[in-house]
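Chains A and B, in that order, are what the protein sequence lines are.
In terms of my numbering, the numbers along the first sequence are unbroken and rise by one, the last being 353.
In terms of my numbering, the numbers along the second sequence are unbroken and rise by one, the last being 461.
Worksheet: one structure, shown below.
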Amino acid sequence: MNLIDTYVTEVGRRLPRKNRVDIEAEIRSALQNLLDECNQETGKPVDDEMIFEVLNEYGDPEKVAASYEPERYLIGPKLYPAYVKVLQIVLPISAVLSLLGLGISLGQIPLNAENIFETIFTSLAEFLATLVSAVGSITILFAILQWTLPDFKERPRRWDPRSLLKVKSSDSIKTGSVVTDIIFTALAILLINFFPQLVNIGYYSNGQWWVGFSVTNPSQTLATTLLSDAFFTYLPALDILWGLTIALSVILLSLGRWQTWTRWFALALKIMVIGLAVAMLTGQSLIAVTPESLLASGFPDPLAAKILVNFLQQGVVVGLVVTIIFNCVESAKLIIRLTGKNLPQAVEGFSQQ
Amino acid sequence: MTNESFENVILELRRGVIVLAVLSRLDQEQYGYSLIKSLAVYGLEIDQGTLYPLLRRLESQGLLQSNWRVESDRPRRYYVLSDEGRTLLPRLKEEWNSIVAMLDKMLS
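Right, here's the structure in full:
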């Protein structure tokens, strides 16, 4: 194989199969023309030196091949911002969940130096694996979107500037949801602090079960208190959080819009919620009821009692994990918003006019 | 403006006019190398790595058509304006003239 063939093959192997032969033939022809010209100009026969010169002029095979192809990407410029945003939300959550897992693991083993290091290293390895897996999955998902929705993303969108009038400022508050927050938080404070006996578990005389608030009903039999003493040790912290939540809601209602400091306040609250939920998740059971206490109260079926208690325990775990994930997502959003590029104050003032 | 920025701007400007220059030379069929020579006569230097992909792009857009022929023992691909290209060229020239006139006014 001579140098020209090698060069053409080098270009060709980087080209799509469809046009390869044709482009290769054209490059070969172009190179031959260049060599002819050199030959005529210098009067020398074509030799390796002349071929090197011509190939040098034609350029790097990689660049030559690339010039025949449109720019290709795994995730295009239109999807890239969404891709980055998803990563910015998912990666901190993965980090928090891994820390949570580490906390739980450390809580479950006898504490000595060897155990602690082993658990930390295992958790670190798991964390890295989770990270790689999360980034990989998201990348694959976006790559699939990129290649399966080409028409969707290329279609020019009709845009009407009047639509800007419908866009709500991201600083505006939803009064309805703030008021609902206040009402439910106040109800929670009242219920847990002053009427904890209302949160109960019991059964109907016909054998069916209920969990929740006891109400006066002759067909119900009060079984046992649902919440454990361990739960009530968290009550002061819960009260503080609920109190601060109501305070924030009232401030938001009076200000009428979000401001930087209220966002920091909300972020601090969410971090406290995450901390408390992690403590509850890793601490003693929040549920007082056990299969034995159920049976002692007259529950007829031991297997059903076990299942019911298990269901309650798992329900609490799921509830706490969902709370943690939700607050992590909300915190991540707040952090991104609070640490985003700020306009100089004068410009910011102008842009808000 | 640094030399590099200057070169970049010039490159952008030339990139915009190359398509029109190439189309204007292809009312009669030519192969790549002869086209480079005929553009060079007017002072427009264009390298092969730019020209051949451009010719293929214009062909895929329907503005050119091509065929392979063997001349003096050399297989060569000849390009010429397609019907669509011939219809479009006068309009492109008009557009170009109005751009030149507009910029002349702006820059004078």
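By construction, the Cβ of each residue, glycine as well, lies at the ideal position given by its N, Cα and C atoms.
All of these numbers come straight from a predicted model, not from anything done at the bench.
Quiz prompt | Close beta carbons around Thr185 of chain A, own chain, < 6 Å, minus the five adjacent residues each side | solution = Locating residue 185 of chain A in the first sequence gives position 185, where the first residue counts as 1. The answer, listed in chain order, is Trp242, Thr245, Ile246.
Exercise. Could you name the residues of the same chain whose beta carbon sits closer than 7 Å to that of Arg28 of chain A, not counting the 5 residues immediately before and after it, in chain order?
Key: By 1-based counting over the first sequence, the position of residue 28 of chain A is 28. The residues are Ile4, Val8.
Quiz item: From A:Leu99, A:Trp261, A:Ile89, A:Ile138, pick the residue whose C-alpha is nearest to that of Asp171 of chain A; which is it?
Solution: Position 171 of the first sequence, counting from 1, holds the residue named residue 171 of chain A. Ranking the options by Cα distance to Asp171 of chain A, first place goes to A:Trp261.
Quiz item: How close, in whole Å, do the beta carbons of Gly385 of chain B and Ala30 of chain A come, if the pair is a contact with beta carbons under 8 Å?
Solution: Start at 1 with the first residue of the second sequence, and residue 385 of chain B comes out as number 32. Start at 1 with the first residue of the first sequence, and residue 30 of chain A comes out as number 30. Going by Cβ atoms, the distance from Gly385 of chain B to Ala30 of chain A rounds to 6 Å, so yes, they are a contact pair.
Quiz item: If we ignore side chains and look at the alpha-carbon of each, how far apart do Arg72 of chain A and Ala143 of chain A end up?
Solution: Here residue 72 of chain A refers to the residue found at position 72 of the first sequence. Here residue 143 of chain A refers to the residue found at position 143 of the first sequence. Pairing Arg72 of chain A with Ala143 of chain A, the inter-Cα distance amounts to about 12 Å.
Exercise. Can you grab the Cα-Cα spacing for the pair Gln32 of chain A / Ser413 of chain B, in whole Å?
Key: Stepping through the first sequence from its first residue, residue 32 of chain A is reached at position 32. Stepping through the second sequence from its first residue, residue 413 of chain B is reached at position 60. C-alpha separation (whole angstroms): 25 Å.
Quiz item: According to the neighbour-count rule (16 or more other Cβ atoms, all chains shown, within 10 Å of its Cβ), is Leu74 of chain A buried or exposed?
Solution: Taking the first residue of the first sequence as 1, we reach residue 74 of chain A at position 74. Result: exposed.
Quiz item: Ala25 of chain A CB to nearest chain B CB: under 8 Å?
Solution: Here residue 25 of chain A corresponds to residue number 25 of the first sequence, with the count starting at 1. The Cβ of Ala25 of chain A sits closer than 8 Å to at least one Cβ of chain B.
Quiz item: Mind checking if Asn33 of chain A is an interface residue toward chain B, Cβ cutoff 8 Å exclusive?
Solution: For this step, residue 33 of chain A is matched to residue 33 along the first sequence. Using beta-carbon distances, Asn33 of chain A counts as an interface residue toward chain B, with a partner under 8 Å.
Practice problem: Answer with buried or exposed for Pro61 of chain A, where buried requires no fewer than 16 other C-beta atoms within 10 angstroms of its C-beta. | Solution: Stepping through the first sequence from its first residue, residue 61 of chain A is reached at position 61. Buried, because 16 or more other Cβ atoms sit within 10 Å of the Cβ of Pro61 of chain A.
Quiz item: Sorted by chain position, which residues of the same chain lie with C-beta nearer than 8 Å to Leu392 of chain B's C-beta, five sequence neighbours on each side aside?
Solution: In the second sequence, counting from the first residue as 1, residue 392 of chain B sits at position 39. Cβ-Cβ distances below 8 Å link Leu392 of chain B to Ala374, Val375, Arg378, Glu398, Ile399 in the same chain, with the five nearest sequence neighbours on each side left out; the list follows chain order.
Quiz item: Beta-carbon of Val64 of chain A versus every beta-carbon of chain B: anything under 8 Å?
Solution: Mapped onto the first sequence, residue 64 of chain A falls at position 64. Taking Cβ atoms only, chain B reaches closer than 8 Å to Val64 of chain A, which makes this a yes.
Quiz prompt | Span separating the alpha-carbon of Thr216 of chain A from that of Phe117 of chain A | solution = Indexing the first sequence from 1 puts residue 216 of chain A at position 216. Indexing the first sequence from 1 puts residue 117 of chain A at position 117. Because the pLDDT of Thr216 of chain A is 48, which lies under 50, any placement of that residue in the model is unreliable, and the number read from its coordinates should be weighed accordingly. Rounded to the nearest angstrom, the two C-alpha atoms are 54 Å apart.
Quiz item: Could you check where the beta strand (DSSP E) with Glu126 of chain A kicks off and where it finishes?
Solution: In the first sequence, residue 126 of chain A corresponds to position 126, counting from 1. Membership of Glu126 of chain A in any beta strand (DSSP E) is not indicated; the residue belongs instead to the alpha helix (DSSP H) covering 113-148.
Quiz item: Using a Cβ-Cβ distance under 8 Å, would Tyr386 of chain B count as near chain A?
Solution: By one-based count along the second sequence, residue 386 of chain B stands at place 33. It does: the Cβ of Tyr386 of chain B has a partner Cβ on chain A nearer than 8 Å.
Exercise. Helix, strand or coil for Trp159 of chain A, going by three-state DSSP, please let me know.
Key: Within the first sequence, residue 159 of chain A is the residue found at index 159, counting from 1. DSSP places Trp159 of chain A in coil when its eight states are reduced to three.
Quiz prompt | Through-space distance from Leu281 of chain A to Ile173 of chain A, alpha-carbon basis | solution = Start at 1 with the first residue of the first sequence, and residue 173 of chain A comes out as number 173. Start at 1 with the first residue of the first sequence, and residue 281 of chain A comes out as number 281. Leu281 of chain A has its alpha-carbon roughly 32 Å from the corresponding atom of Ile173 of chain A.
Quiz prompt | Beta-carbon proximity check, Leu253 of chain A vs Val178 of chain A, cutoff 8 Å | solution = On the first sequence, residue 253 of chain A is found 253 positions in, with the first residue counted as 1. On the first sequence, residue 178 of chain A is found 178 positions in, with the first residue counted as 1. Contact: yes.
Quiz item: Considering only residues of the same chain and omitting the five flanking positions on each side of Ala268 of chain A, which have a CB-CB separation below 7 Å?
Solution: One-based indexing of the first sequence puts residue 268 of chain A at position 268. No residues qualify anywhere along the chain.
Quiz item: So is Tyr58 of chain A buried or exposed if we call it buried at 16+ other beta carbons inside 10 Å?
Solution: The residue you call residue 58 of chain A lines up with position 58 of the first sequence. The residue in question, Tyr58 of chain A, is buried, as its Cβ has 16 or more Cβ neighbours within 10 Å.
Quiz item: List, in order along the chain, the chain A residues whose C-beta lies closer than 9 Å to that of Tyr405 of chain B?
Solution: As a working mapping, residue 405 of chain B is identified with position 52 in the second sequence. Within chain A, the C-beta atoms nearer than 9 Å to that of Tyr405 of chain B come from Ile23, Glu26, Ile27, Ala30, Val64, Ser67, Tyr68, in chain order.
Quiz item: Taking the runs of the beta strand (DSSP E) that are 3 residues or longer, which of them lie wholly in the region 226-308 of chain A?
Solution: Uninterrupted beta strand (DSSP E) stretches at least 3 residues long and entirely within the region 226-308 of chain A do not occur.
Practice problem: Locate the alpha helix (DSSP H) running through Arg13 of chain A, then write down its first and last residues. | Solution: Residue numbering aside, residue 13 of chain A sits at position 13 when the first sequence is read from its first letter. Taken as a continuous stretch (DSSP letters only), Arg13 of chain A belongs to no alpha helix (DSSP H), as it is neither H nor E.
Quiz item: Would a check of beta-carbon distances place Gly402 of chain B closer than 8 Å to chain A?
Solution: The count along the second sequence starts at 1 and reaches residue 402 of chain B at position 49. A Cβ of chain A is located within less than 8 Å of the beta carbon of Gly402 of chain B.
Exercise. Could you check which residue in B:Tyr431, B:Asp436, B:Lys446, B:Glu447 has the C-alpha nearest to that of Ser387 of chain B?
Key: Taking the second sequence and counting its residues from 1, the one referred to as residue 387 of chain B is at position 34. Comparing Cα-Cα distances from Ser387 of chain B to each of B:Tyr431, B:Asp436, B:Lys446, B:Glu447, the minimum goes to B:Tyr431.
Quiz item: Hey, how far is the Cα of Gly396 of chain B from the Cα of Arg367 of chain B?
Solution: Your numbering for residue 396 of chain B matches position 43 in the second sequence. Your numbering for residue 367 of chain B matches position 14 in the second sequence. Gly396 of chain B and Arg367 of chain B: Cα-Cα distance of roughly 12 Å.
Practice problem: Would you mind listing the alpha helix (DSSP H) stretches within the region 365-398 of chain B that are 4+ residues and don't spill past its ends, in chain order? | Solution: 385-394, all fully within the region 365-398 of chain B.
Quiz item: At a Cβ threshold of 8 Å, is Tyr7 of chain A touching chain B?
Solution: For the purposes of this step, residue 7 of chain A is taken as residue 7 along the first sequence, with counting starting at 1. Residue contact with chain B for Tyr7 of chain A: absent (no Cβ-Cβ distance below 8 Å to any residue of chain B).
Self-check item: Contact with chain B by Gly256 of chain A, beta-carbon distance below 8 Å
Solution: Here residue 256 of chain A refers to the residue found at position 256 when the first sequence is read from its first residue. Using a CB distance cut-off of 8 Å, Gly256 of chain A does not count as an interface residue toward chain B.
Self-check item: Residue from B:Glu424, B:Trp449, B:Ser419 with nearest C-alpha to Asp436 of chain B
Solution: As a position in the second sequence, residue 436 of chain B is number 83, starting the count at 1. Nearest option by C-alpha distance: B:Ser419.
Quiz item: Should Tyr58 of chain A be flagged as near chain B, meaning a C-beta pair shorter than 8 Å?
Solution: Looking up residue 58 of chain A in the first sequence gives position 58. Among the CB atoms of chain B, one or more fall inside 8 Å of the CB of Tyr58 of chain A.
Practice problem: Taking Ser228 of chain A as the reference, give the member of A:Tyr234, A:Ala288, A:Glu69 with the closest Cα. | Solution: On the first sequence, position 228 is the one that residue 228 of chain A refers to. The candidate whose alpha carbon is nearest that of Ser228 of chain A is A:Ala288.
Self-check item: Rounded straight-line distance, which links the Cα of Ile335 of chain A to that of Ala66 of chain A
Solution: Indexing the first sequence from 1 puts residue 66 of chain A at position 66. Indexing the first sequence from 1 puts residue 335 of chain A at position 335. Each residue's alpha carbon lies about 41 Å from the other.
Quiz prompt | Among A:Thr122, A:Pro302, A:Leu141, A:Pro196, the one whose alpha carbon lies nearest that of Leu79 of chain A | solution = Numbered from 1 along the first sequence, position 79 holds the residue referred to as residue 79 of chain A. Closest by C-alpha distance to Leu79 of chain A, out of A:Thr122, A:Pro302, A:Leu141, A:Pro196, is A:Leu141.
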